[in-house]
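Visitor: Numbering (the working numbering), first residue to last: 17 to 242. Beta carbons: idealized from backbone N, C-alpha and C, even for Gly. Predicted model, so just to flag it, every value in this text is computed and none were measured.
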Amino acid sequence: MQKLMKYISIFSFLGLISTSWISCTKDSDITDATEMGPGSNNNWENSCACLNEIYPVQNLNQTEIEALLFMREEEKLARDVYAHFYKTWDHHVFDNITNSEDQHISLVSCLMEKYDLEEQEAYLKEGVFLNDHLRELYENLISIGEKSLVDAFYVGATIEDVDIYDLENYDIPEIDNADIQAVFAELTKGSRNHMRAFTKNLTNLGTTYEAQYIDNDQLDSIINSS
């Protein structure tokens with residue numbers, strides 16, 4: 017398990033995150049769909065329009081291009097894993113967070129469209145990735161999470177643990193476009209929400225999640241915040 021978890025960190029997405037939240041407008045923040053039900057599909061559309069209207073088009077450097085392309089697949093990895101676990105375990109948390117990851121994918125896709133970055137449609141099917149390492153990682157995560165519902169929740173918490181750690185510890189000053197920073201900030205917010213959901217369900221099943229990348233104090237802060 018530990019060897020695999022270290023393997024996850026190697027292929028986690030690149031990103032730059034500020035410690036403060038970056039909102040799109042006062043009335044239309046980029047939102048997360050973790051606890052939202054039907055009718056929330058318009059949120060990402062509003063956020064996409066907001067990103068286009070509020071943030072100017074800026075030149076992209078190679079680091080920003082690579083980060084967006086990889087982010088798109090990284091979010092898809094999380095979405096595909098959670099979608100598979102929902103079909104396997106029929107637990108609503110996986111369904112809710114799958115919808116949230118769909119929203120995050122759409123936000124990154126919005127930026128890709130804004131900057132004329134081509135998306136490959138061939139890999140849109142579940143479990144299909146352009147990145148060979150992500151495909152192998154997906155298969156490993158599925159194998160672990162199919163063992164039990166506890167393992168599935170633990171995999172989910174680990175994915176969010178890695179995402180939060182990487183977003184807060186990668187130092188990439190080359191990523192300075194305001195719209196990219198806004199989306200990356202929202203993805204961190206989403207990961208914190210997802211972490212709370214997974215750890216709550218692990219507690220309900222009589223176990224706890226041990227932080228592997230962020231420290232325990234930060235994990236406790238996330239769990240006890242809203």
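For the alpha helix (DSSP H) that residue 170 lies in, which residues bound it at each end?
Guide: First-last of the alpha helix (DSSP H) with residue 170: 165 to 185.
Visitor: Roughly how many angstroms lie between the CA atoms of residue 230 and residue 95, to the nearest whole one?
Guide: Taking the straight line from one Cα to the other gives about 22 Å.
Visitor: Whole angstroms is fine: what's the gap from residue 211's alpha carbon to residue 73's?
Guide: One C-alpha to the other measures close to 33 Å.
Visitor: Could I get the ranges of all uninterrupted beta strand (DSSP E) runs contained in the region 73 to 106, with 3 residues as the minimum, in chain order?
Guide: You should have found no qualifying run.
Visitor: What's the gap between the Cα of residue 196 and the Cα of residue 65?
Guide: About 14 Å.
Visitor: What do you get for residue 108, buried or exposed, if any count of 16 or more other CB atoms within 10 angstroms of its CB means buried?
Guide: Classification for residue 108: exposed.
Visitor: State the CB to CB distance for the pair residue 154 and residue 143, rounded to an integer number of angstroms; the pair is presumed to be in contact (CB under 8 Å).
Guide: About 6 Å separates the two Cβ atoms, so the contact holds.
Visitor: Under the rule that 16 or more other beta-carbon atoms within 10 Å means buried, what is residue 206, buried or exposed?
Guide: Per the 10 Å Cβ criterion, buried.
Visitor: Count the other C-beta atoms from every protein chain shown that fall within 10 angstroms of the C-beta of residue 92, then say buried if there are 16 or more, exposed otherwise.
Guide: Buried is the call here.
Visitor: Give a yes or no on contact between the region 172 to 192 and the region 127 to 140, applying the rule of three or more CB pairs nearer than 8 Å.
Guide: With the cut-off at 8 Å, the region 172 to 192 and the region 127 to 140 do not touch.
Visitor: Rounded to whole angstroms, how far is the Cβ of residue 89 from the Cβ of residue 146, which I believe are closer than 8 Å?
Guide: Contact flag correct, Cβ pair sits at about 6 Å.
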